[in-house]
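Heads up: the structure comes next, in structure tokens.
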Amino acid sequence: MFLVVGLGNPGSGYAANRHNIGFMAADELVRRYSFGPWRKKFQGQISEGELNGQKVLVLKPETFMNLSGQSVGEVLRFYKIPVENVIVLHDELDLPPGKLRVKRGGGHGGHNGLRSIDAHCGKEYRRVRLGIGHPGDKSRVHGHVLGDFSKAEQDGWLMTLLDGVAAEFGRLVKGDDGGFMSKVSAIVNPPKPKAPKKDKPDAKPAKKDGDADACLQKRDGDGLDDLSGAAKVRVERADTPVSNAASAMAEALAKAFGKKK
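Here the sequence shown is numbered in the numbering used here, starting from 226 and rising by one per residue.
Structure below.
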């Protein structure tokens, strides 16, 4: 048998507080799996059901947060449930809104509900830490945790987180804490779809040996036809043998001075 404890404060004035996210998670768990109706017992509200073949009790202590351990201790003693089979759902200042962690044992981190459970039941229970974010200043913590979730939070990450916790809770009952955290995280922050791969451009066809020869032939002379007249003369003169160039020079001098060669 497992005992799931949602932490919060009783009364309609606290119902939407960040400090009451444990109550909210407990309500969603009972609703999703159609557990029995809530009954006043053990200084709290309790509901019974079954999950993965295991009997599960869900408790919302009504002793106010600071005395939560009194109610939890009564249930453990009555049903003889070992503290290792206790799972506590509670708000966590040190996690960003919508984030979640599961931890067994350790300190209470200043959370008065956990402090009370530690004192009455011991510390070897699992804690599902539900992030509500930190206001950034210690002096604002009290107002932050006892303030209501905004409408945007309620309709956004909060609803998604509570739904994910309930949907994957069976993994906790089976002892798969890591799988539970991974699955809930994927529900709250689904991975972005991968962008489609761009087609690679077609590779340029390799030149054939014949193409290379044609290129060389063009360099050897075919390009002369494309040159202007003056440029063509310069090229042709550059290709003229040295002896011919000397003869041409002599003829030019003879004409200049009116002499015959």
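Glycine is no exception: its CB is placed at the ideal position from the N, C-alpha and C atoms.
Keep in mind that this is a model prediction, so the values were computed, not measured.
- Residue burial annotation: Asn-291 is exposed, with fewer than 16 other C-beta atoms found within 10 angstroms of its C-beta.
- For His-369, the enclosing alpha helix (DSSP H) covers residues 366-370.
- For His-345, the uninterrupted alpha helix (DSSP H) segment begins and ends at 337-346.
- In this structure, the beta-carbon distance from Leu-320 to Arg-354 falls below 7 angstroms.
- Contact between the segment 342-352 and the segment 370-377 is absent: fewer than three C-beta pairs spanning the two stretches fall below 8 angstroms.
- Per DSSP, the beta-bridge partners of Leu-355 are Asp-316 and Leu-325.
- Setting aside the 5 residues that flank it on each side, Gly-231 is surrounded in the same chain by Gly-247, Phe-248, Ala-250, Ala-251, Lys-285 and Leu-314, each with a C-beta closer than 6 angstroms to its C-beta; the list follows chain order.
- Gly-269 sits close to Ser-296, with the two beta carbons spaced by under 7 angstroms.
- Approximately 3 angstroms separates the beta-carbon atoms of Gly-294 and His-345; this is inside 8 angstroms, confirming the contact.
- DSSP, read as helix, strand or coil, puts Gly-231 in strand.
- Listed as beta-bridge partners of Glu-275 by DSSP are Lys-280.
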